[in-house]
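Student: If you scroll down you'll find the structure; I have some questions about it.
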Amino acid sequence: MSGNDTFEYAMPSLGADMDEGRVIEWRVAPGDTVHRGDLIAVVETEKSDIDIEIWHDGIVEEFLVDVGQLVDVGTPIARLRRVGADVEGSPATAPTSTPSPSLAPSPGDRVPASPIARRLASERGIDLGAVTGSGPGGAVIEADIVALSAAAPGADGDERSSPTAAPAPRRSPDRMRSLIAERMATANREIPHYYLSRDIDVGALETWLAERNAQRPIAERILPAACYIRAVALAAARHRELNGFWIGDHFEPAESVNVAMAISLRRGGLVTPQIERADERSLDDVMAALQELVTAARTGNLRASWMTGATITITHLGDSGADLVHGVISPPQVALVGFGRARERAWVIGGDIAVRPVVTSTLAADHRATDGAVGSRFIATLAQHIDHPEDLL
Amino acid sequence: MNDDNNSRTSGDERADLVTMILSAIADVAPELEPELADLDHDVDFWMELQLDSMDHLTVMTRLAEQTGVEIAERDYPRLTTIAAFRDFLAAAGG
Numbered sequence: 001m002s003g004n005d006t007f008e009y010a011m012p013s014l015g016a017d018m019d020e021g022r023v024i025e026w027r028v029a030p031g032d033t034v035h036r037g038d039l040i041a042v043v044e045t046e047k048s049d050i051d052i053e054i055w056h057d058g059i060v061e062e063f064l065v066d067v068g069q070l071v072d073v074g075t076p077i078a079r080l081r082r083v084g085a086d087v088e089g090s091p092a093t094a095p096t097s098t099p100s101p102s103l104a105p106s107p108g109d110r111v112p113a114s115p116i117a118r119r120l121a122s123e124r125g126i127d128l129g130a131v132t133g134s135g136p137g138g139a140v141i142e143a144d145i146v147a148l149s150a151a152a153p154g155a156d157g158d159e160r161s162s163p164t165a166a167p168a169p170r171r172s173p174d175r176m177r178s179l180i181a182e183r184m185a186t187a188n189r190e191i192p193h194y195y196l197s198r199d200i201d202v203g204a205l206e207t208w209l210a211e212r213n214a215q216r217p218i219a220e221r222i223l224p225a226a227c228y229i230r231a232v233a234l235a236a237a238r239h240r241e242l243n244g245f246w247i248g249d250h251f252e253p254a255e256s257v258n259v260a261m262a263i264s265l266r267r268g269g270l271v272t273p274q275i276e277r278a279d280e281r282s283l284d285d286v287m288a289a290l291q292e293l294v295t296a297a298r299t300g301n302l303r304a305s306w307m308t309g310a311t312i313t314i315t316h317l318g319d320s321g322a323d324l325v326h327g328v329i330s331p332p333q334v335a336l337v338g339f340g341r342a343r344e345r346a347w348v349i350g351g352d353i354a355v356r357p358v359v360t361s362t363l364a365a366d367h368r369a370t371d372g373a374v375g376s377r378f379i380a381t382l383a384q385h386i387d388h389p390e391d392l393l
Numbered sequence: 394m395n396d397d398n399n400s401r402t403s404g405d406e407r408a409d410l411v412t413m414i415l416s417a418i419a420d421v422a423p424e425l426e427p428e429l430a431d432l433d434h435d436v437d438f439w440m441e442l443q444l445d446s447m448d449h450l451t452v453m454t455r456l457a458e459q460t461g462v463e464i465a466e467r468d469y470p471r472l473t474t475i476a477a478f479r480d481f482l483a484a485a486g487g
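Protein chains in written order, with the numbering used here: chain A, 1 to 393; chain B, 394 to 487.
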């Protein structure tokens with residue numbers, strides 16, 4: 001502890017199901033100056049190797065863990081000196097970009113955090129300084145706390161925190177399986193799911209996409225999955241009761257719409273990185289983000305900021321052949337939207353029968369947070385957006 | 394073994410195209426690399442390797458960049474085997 005001139009960087013929670021991780025590579029060295037958003041290390045989790053970012057400017061003083069050492073989420077892994085900290089008594093902690101007023105640090109508290117995040121953290125005995133903030137200016141927001149506490153259920157004095165210097169075997173599919181098992185069992189036990197579905201004629205979408213893609217070079221072509229993400233984001237932005245978190249005994253709507261996409265890994269298991277503010281971004285932008293996420297997930301180069309903060313999740317099993325999916329919600333989220341494969345069906349339009357490509361969309365929602373009427377309106381909005389693809393641009 | 398009906402140069406080019414296709418697949422799916430050497434060039438490799446629509450797009454993009462061949466969406470349905478893909482790229486001058 002060298003007072004307030006330094007701060008510690010803790011092992012971040014890279015998804016609600018992560019409770020430990022190990023640094024497998026430092027991207028910086030002691031003495032280096034780092035800036036907010038810089039990648040400072042590669043962390044190996046059960047699922048993937050993830051590049052972790054620093055959220056404050058600073059100078060690296062010391063690494064507190066060895067490469068290969070397995071530590072719990074929240075364990076300090078590096079100590080940094082604040083930029084300008086050697087200037088005596090200067091309040092050097094203000095982030096370079098001014099956070100919005102509600103996120104301003106309160107006096108005597110060096111960690112910027114939203115009021116909800118602050119309350120949650122104190123309720124759960126979480127040290128805000130040990131949380132990687134993903135909000136404006138690196139501020140800790142509700143989703144960070146939620147993800148962190150979901151990752152550490154109960155303070156069981158566990159033996160895993162004992163440093164294991166010997167490099168343990170690389171993550172095993174079995175370990176990932178057991179993490180998913182634990183998480184899904186919790187979700188199914190605690191969340192009273194209700195399910196709704198709606199068949200959507202995707203003919204308009206397919207025609208529109210084909211015409212658009214025909215005029216574009218291959219690198220700029222759009223996949224239906226990107227359209228689904230946009231449609232879900234717009235529907236979630238309109239029906240905010242489905243976009244947020246169930247915390248303790250009540251629902252807290254999220255401030256933004258961050259859509260996670262379930263991406264299956266060929267060696268088994270899946271990851272659910274998110275596309276931030278997908279409701280405010282263009283279709284091209286969402287497509288580029290999706291491509292980046294999938295590539296990163298498959299090659300093991302996910303970034304930490306993608307792994308937290310999701311407010312709603314999509315599972316798109318269409319590619320692998322299923323007609324529909326009744327998904328399991330990823331807590332603390334309250335909704336999961338599924339898309340099956342597009343298949344040709346006899347479809348009635350204006351009194352005539354036509355052959356149309358049809359996709360079954362499903363909504364799994366948390367009945368504690370919403371009732372079927374809300375879900376039903378959501379899925380109607382979703383269908384409307386998919387039927388008017390030009391609105392997704 | 395590429396010397397059947399082709400001149401040596403053309404056979405080499407076709408072998409190069411196969412290498413290029415396999416390496417594009419290995420790029421999007423590194424964990425499949427060990428399987429690629431044994432891949433039958435006449436099976437639907439998208440199905441065989443369980444590649445999804447995003448893998449598909451990424452492989453197509455990479456090959457279009459490397460060969461300069463513009464691959465239209467309407468060509469996708471016939472580009473399902475390594476052999477078909479190779480012939481398509483060879484015919485397009487890739």
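For glycine and all other residues, C-beta sits at the position ideal for the given N, C-alpha and C.
Using Cβ-Cβ distances below 9 Å, what residues of the stretch 409 to 424 of chain B are close to chain A?
Tutor: Within the stretch 409 to 424 of chain B, the residues whose Cβ lies closer than 9 Å to some Cβ of chain A are D420, V421, A422, P423 and E424, listed in chain order.
Student: Using a Cβ cut-off of 8 Å, which residues of the stretch 451 to 483 of chain B contact any Cβ in chain A, in chain order?
Tutor: So the list reads T451, M453, T454, A457, E458, E463, I464, A465, E466 and R467, given in the order they occur along the chain.
Student: Which same chain residues end up closer than 6 Å to S320/A when comparing Cβ atoms and leaving out the 5 residues on each side of it in sequence?
Tutor: none
Student: Could you tell me which chain B residues have their CB closer than 8 Å to the CB of Q291/A, listed as they occur along the chain?
Tutor: M447, L450 and T451
Student: Could you work out which residues of chain B lie near V294/A, taking near to mean beta carbons separated by less than 9 Å?
Tutor: V421, D445, M447, D448 and T451
Student: Return no unless some Cβ of chain B is closer than 8 Å to the Cβ of A219/A.
Tutor: yes
Student: Going by C-alpha distance, which of G372/A, L290/A, W306/A and V83/A is nearest A335/A?
Tutor: G372/A
Student: For V358/A versus A342/A, is the C-beta spacing smaller than 8 Å?
Tutor: Yes. Within cutoff.
Student: Exposed or buried, what is S305/A when buried is set at 16 or more other beta-carbons lying within 10 Å of its beta-carbon?
Tutor: buried
Student: Between V83/A and I52/A, how many whole angstroms is the CB-CB distance? I'm expecting something under 8 Å.
Tutor: Rounded, the Cβ-Cβ distance is 19 Å, inconsistent with contact.
Student: List the endpoints of the continuous beta strand (DSSP E) containing S361/A.
Tutor: D352 to D366 is the extent of the beta strand (DSSP E) around S361/A.
Student: Quick one: which unbroken beta strand (DSSP E) runs of 3-plus residues sit fully inside the stretch 179 to 248 of chain A? Chain order, please.
Tutor: Secondary structure within the stretch 179 to 248 of chain A: the beta strand (DSSP E) runs of 3 or more consecutive residues, fully enclosed, are 193 to 201 and 244 to 247 (chain order).
Student: Across the stretch 239 to 248 of chain A and the stretch 409 to 420 of chain B, are there enough close Cβ pairs to call them in contact, namely three or more that are closer than 8 Å?
Tutor: no
Student: Might you give, ordered along the chain, the residues of its own chain that have their beta carbon closer than 8 Å to the beta carbon of P192/A, omitting 5 neighbours on each side?
Tutor: Same-chain partners within the cutoff: D366, H367 and R368.
Student: Can you look up L293/A in the DSSP assignment and give me helix, strand or coil?
Tutor: helix
Student: Reducing DSSP to helix, strand and coil, say where E8/A ends up.
Tutor: strand
Student: Please list, in chain order, all residues of the same chain as G129/A whose beta carbon is under 6 Å from its beta carbon, the five residues on each side excluded.
Tutor: Once the five neighbours on either side are set aside, the close Cβ partners of G129/A are V111.
Student: Whole angstroms is fine: what's the gap from P101/A's alpha carbon to G133/A's?
Tutor: Its pLDDT being 36, under 50, P101/A is placed unreliably in this model, and the coordinates cannot settle the point.
Student: Answer with yes or no whether the minimum CB distance from P169/A to chain B is below 8 Å.
Tutor: With a pLDDT of only 41 at P169/A, under 50, the local geometry of the prediction cannot be trusted, and the value read off the model is given with reservation. It does not: the Cβ of P169/A has no partner Cβ on chain B nearer than 8 Å.
Student: According to DSSP, what are the bridge partners of M18/A?
Tutor: Answer by DSSP bridge pairing: none, since M18/A is not bridged.
Student: Whose Cβ in chain B lies nearer than 9 Å to the Cβ of R267/A?
Tutor: E424
Student: Please classify P95/A: does DSSP put it in a helix, a strand, or coil?
Tutor: Only weak support exists for where P95/A lies, its pLDDT of 39 falling under 50; the value from the coordinates is given anyway. Three-state result, P95/A: coil.
Student: Taking the straight line between their C-alpha atoms, what separation do you get for Q452/B and L425/B?
Tutor: Correcting the residue type first, residue 452/B is Val in the shown sequence and not Gln. Near 14 Å, if we compare the C-alpha coordinates of L425/B and V452/B.
Student: Is D319/A close to chain B? Criterion is C-beta to C-beta, closer than 8 Å.
Tutor: Yes - at least one Cβ of chain B is within 8 Å of the one on D319/A.
Student: Cutting at 6 Å between CB atoms, please list the residues of its own chain near L456/B, excluding the five before and the five after it.
Tutor: A417
Student: Can you tell which of G327/A, I314/A and R81/A has the C-alpha that lies nearest to the C-alpha of M184/A?
Tutor: G327/A
Student: With a cut-off of 8 Å on the beta carbons, I'd call H35/A and D57/A a contact; round off their distance for me.
Tutor: 5 Å
Student: Is A10/A near the ligand FAD, going by C-beta to nearest heavy atom under 7 Å?
Tutor: Questions concerning the ligand FAD fall outside what the structure shown contains, since it holds no ligand whatsoever.
Student: Compare the beta carbon distance of A297/A and I275/A with 8 Å and say whether it is the shorter of the two.
Tutor: The Cβ atoms of A297/A and I275/A lie no closer than 8 Å to each other.
Student: Out of curiosity, what's the CA-to-CA distance linking P389/A and V71/A?
Tutor: 46 Å
Student: Is any beta-carbon of chain B found at less than 8 Å from that of A210/A?
Tutor: Yes, A210/A lies at the interface with chain B (some Cβ there is under 8 Å from its Cβ).
Student: Closer than 6 Å by C-beta to T98/A: which residues in its own chain qualify, once you throw out the five before and the five after it? Chain order, please.
Tutor: Note that T98/A has pLDDT 35, beneath the 50 cutoff, so the model's placement of it is unreliable and the number below is only indicative. Cβ within range, chain order: n/a, list empty.
Student: Can you tell me where the alpha helix (DSSP H) with D480/B in it begins and where it stops?
Tutor: I475 to A484
Student: Taking contact to mean at least 3 C-beta pairs separated by less than 8 Å, is the stretch 222 to 238 of chain A in contact with the stretch 283 to 292 of chain A?
Tutor: yes
Student: Does any C-beta atom of chain B lie closer than 8 Å to the C-beta of N213/A?
Tutor: yes
Student: Would you identify the three-state DSSP class for I418/B, choosing helix, strand or coil?
Tutor: helix
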